[in-house]
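Residue numbers (full-length UniProt numbering): 1 to 286.
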């Protein structure tokens, strides 16, 4: 529905100045002259057989193209999720049980972090660490240093969301009967926090990680573009720009599959962290 003609993308872009006859031939070859409903049904049939089609702009199969870009985005998302968890965990454990002032500081930092847009944070980090201090590269390079700024850009806003959930759960866990029982047995506050309360407080954040991973992949569109990093996000943006519909569909399909897989994994992780059996329905005495 967006302006432009996919047939022009196939023939080299809007500036290619191709003839109407060539455009008509390409539309007929790729089925672009058919009604939209028929194009949609044809695409569904190809997807059912695992055929993602051929890129209009790059003239290559979409499947290998998307798979070749998947690894870089997964590495970026997994590292960002790990760093976000570490930041949220440190902030939640520091601000819990230290009085009202610590809770307010922790809550304020979480709210600010969660509200930071990726494009603004990425630009600020480049200005500070690349232009002013010159300690990190402004674009993503092949070494570990090139990953620092993209990972931090994605991790900080996510850490704000995870920190809010984790801190509230940790506060509720520290007031639970099993924690009072552990204290009555003479266990130290450090032991109560790390052995008992934190395990239960982490459950909501673990469940949130599936959604968080999906948000990281969507955030990669901005981050990979700003830091010139190869990956699914940058591939998707380029495909939308030139109306390379097969690539757009391929990226969306792969991202959806990864999101479903991560949701299943986080559900399994929640069950491992809290192996207590769940009950359904109403009790006999209800």
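Cβ coordinates follow ideal geometry from the N, Cα and C atoms, glycine included.
Nothing here was measured: the structure is a model prediction, and the numbers come from that model.
Query                                                                                                               : Result
Cβ-based burial, residue 40 [other Cβ within 10 Å; buried from 16]                                                  : exposed
For residue 64 and residue 157, the rounded distance between their alpha carbons                                    : 32 Å
Bounding residues of the alpha helix (DSSP H) (the contiguous stretch that carries residue 20)                      : 20-30
Residue environment, residue 19, which counts as buried when at least 16 other CB atoms sit within 10 Å             : exposed
Stretch pair the region 146-163 + the region 217-224: three plus CB contacts closer than 8 Å                        : yes
Where residue 111 sits in the DSSP three-state scheme                                                               : helix
As assigned by DSSP and simplified to three states, the class of residue 17                                         : coil
Straight-line Cα distance separating residue 261 from residue 199                                                   : 23 Å
Buried versus exposed, by CB contacts within 10 Å (16 or more), residue 42                                          : exposed
Same chain only: Cβ atoms within 7 Å of residue 125, ignoring 5 sequence neighbours per side                        : 149, 152, 153
At least three beta-carbon pairs within less than 8 Å, the region 53-63 to the region 249-257                       : yes
Residue 100 classed as buried or exposed, judged by whether at least 16 other C-beta atoms fall within 10 angstroms : exposed
Residue burial classification, residue 224 (beta-carbon count within 10 angstroms, cutoff 16)                       : buried
Three-state secondary structure (DSSP) of residue 34                                                                : coil
Exposed unless 16 or more other CB atoms sit within 10 angstroms - verdict on residue 3                             : exposed
Meets three-Cβ-pair contact criterion under 8 Å: the region 160-167 and the region 125-143                          : no
8 Å Cβ cutoff met for residue 69 and residue 246                                                                    : no
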